[in-house]
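Novice:
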Amino acid sequence: MTGKGESGIKVLLRVRPPDPCRATSRCLTRVDDTKAKYLNMKDSASSTFEFHKVLSESSRQEEAFAAVEEMVDLALDGYDTTVMAYGQTGSGKTHTLLGDVHDAAQQGIIPRAMRRLLEPIEKDAAISSEVTVSMVEIYCERIRDLLNPTGNALTLRDGTGAAQLPEATLVRVRSEAQCMELLARGLLHRSVAATGQHEASSRSHCLVSVH
């Protein structure tokens, strides 16, 4: 993450609530705001890990957004920022990043970030700034345009200092409602399949870009 002369990566951990339907001999718990403990109950071995921020299994969606809110503020100031979720199938990546876009309390980081970015435009029609959104997935080493799912696979091209997808659909958004509809439409086209841990797991990497 880059902003205001600072370059680096911040790692945040969100602990998922235990699944009552799955027996496990391992446990991960939050110790405090920056530490989590991993316990193997078979041999009582434990390890403690440190992060920039640790969210407990009872954390709400608004807390997850608050943990990365500074990245949205940096984007409003004109800096490039990235928020990425990493974890095994069923760990809560989609829930944390997207959640339920139609339920304000359950919206994830992306819908909440979009609302923050669009607030100035919605409040003042005289603002000339333009916000555009693209939404793609990487599945089986192919890049699909989720906003134009019937089109051909996209080609990754080398830009000046960064990889680019010049053929990806860019949609201009002016309101929160329009943005939520766009995200919901893109999610409908994601590739899903059952796994041993999740009956309808997303089988792709989803990238939402805001320009």
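Its first residue numbered 52, the sequence shown is counted upward by one per residue in this note's numbering. Just so you know, even glycine gets a beta-carbon here, dropped at the ideal spot from N, CA and C. Predicted model only: the values in this text are computed from it and were never measured.
1. Report the residue ranges of all alpha helix (DSSP H) runs contained in full by the segment 63 to 101; include only those spanning at least 4 residues, in chain order.
2. For glycine 210, does the three-state DSSP call read helix, strand or coil?
3. With contact counted as at least three CB pairs below 8 Å, one residue from each stretch, are the segment 76 to 85 and the segment 123 to 140 in contact?
4. Just to confirm, are histidine 265 and alanine 235 a CB contact at a threshold of 8 Å?
5. Return the Cβ separation of valine 263 and leucine 168 in integer angstroms, given the expectation that the two are a contact with Cβ distance under 8 Å.
6. Quick check for students: name the residue ranges of the alpha helix (DSSP H) that lie wholly in the segment 103 to 148, counting only runs of 4 or more.
7. In the structure shown, what three-state DSSP assignment does leucine 258 receive?
8. Report the rounded CA-to-CA distance for serine 110 versus glutamate 232, giving the unit in angstroms.
9. What are the start and end residues of the beta strand (DSSP E) that includes arginine 195?
10. I'd like the ranges of any alpha helix (DSSP H) spanning at least 4 consecutive residues and lying wholly in the segment 154 to 199.
11. If valine 105 sits next to alanine 87, beta carbons under 8 Å apart, how far is it from one beta carbon to the other, in whole angstroms?
12. Given a cut-off of 8 Å, decide if valine 62 and glutamate 108 are closer than it, judged by their beta-carbon atoms.
13. If you follow the beta strand (DSSP E) that arginine 241 is part of, which residue opens it and which one closes it?
14. Once you ignore the five residues that flank glutamate 170 on each side, which residues in its own chain have a CB closer than 6 Å to its CB?
15. Between Thr211, Ser255, Leu198, which lies nearest to glutamate 192 when the distance is taken from Cα to Cα?
16. Which first and last residues belong to the beta strand (DSSP E) in which arginine 223 is found?
17. Contact between the segment 173 to 183 and the segment 195 to 203 is defined here as three or more beta-carbon pairs at a separation below 8 Å; is this criterion met?
18. Please report the straight-line C-alpha distance between glycine 159 and aspartate 70, rounded to a whole angstrom.
19. Can you grab the Cα-Cα spacing for the pair glutamate 114 / aspartate 209, in whole Å?
20. Suppose the cutoff is 7 Å on Cβ atoms and the five residues either side in sequence are ignored; what does the same chain contact list for serine 95 look like?
Specialist: In terms of the structure at hand:
1. You should have found no qualifying run.
2. DSSP, reduced to helix, strand and coil, places glycine 210 outside both helices and strands of the structure shown, so it counts as coil.
3. Between the segment 76 to 85 and the segment 123 to 140, the count of C-beta pairs closer than 8 Å stays below three; the two stretches do not touch.
4. Nothing about residue 265 can be reported from this structure: the residues present for the chain run from 52 to 262 only.
5. Residue coverage of the chain in this structure runs from 52 to 262, which leaves residue 263 outside it and unanswerable.
6. Those alpha helix (DSSP H) runs which fall completely within the segment 103 to 148 and span 4+ residues are 112 to 127, 144 to 148.
7. Leucine 258: strand per DSSP, three-state reduction.
8. Between the C-alpha atoms of serine 110 and glutamate 232 there is a straight-line separation of about 26 Å.
9. Run containing arginine 195: 193 to 196, per the beta strand (DSSP E) assignment.
10. Taking only runs of at least 4 residues, the alpha helix (DSSP H) segments lying wholly in the segment 154 to 199 are 160 to 174.
11. Contact flag correct, Cβ pair sits at about 5 Å.
12. Here glutamate 108 is not near valine 62, since their CB atoms are 8 Å or more apart.
13. No beta strand (DSSP E) holds arginine 241; DSSP gives it neither H nor E.
14. Taken in chain order, the list of residues that qualify is empty.
15. Residue Ser255 holds the alpha-carbon nearest to the alpha-carbon of glutamate 192 among Thr211, Ser255, Leu198.
16. Taken as a continuous stretch (DSSP letters only), the beta strand (DSSP E) holding arginine 223 covers 222 to 224.
17. Short answer: they don't touch.
18. Between glycine 159 and aspartate 70, the alpha-carbon positions lie close to 20 Å from each other.
19. Rounded to the nearest angstrom, the two C-alpha atoms are 36 Å apart.
20. If the five residues before and after serine 95 are omitted, its C-beta is found closer than 7 Å to no C-beta atom of its own chain.
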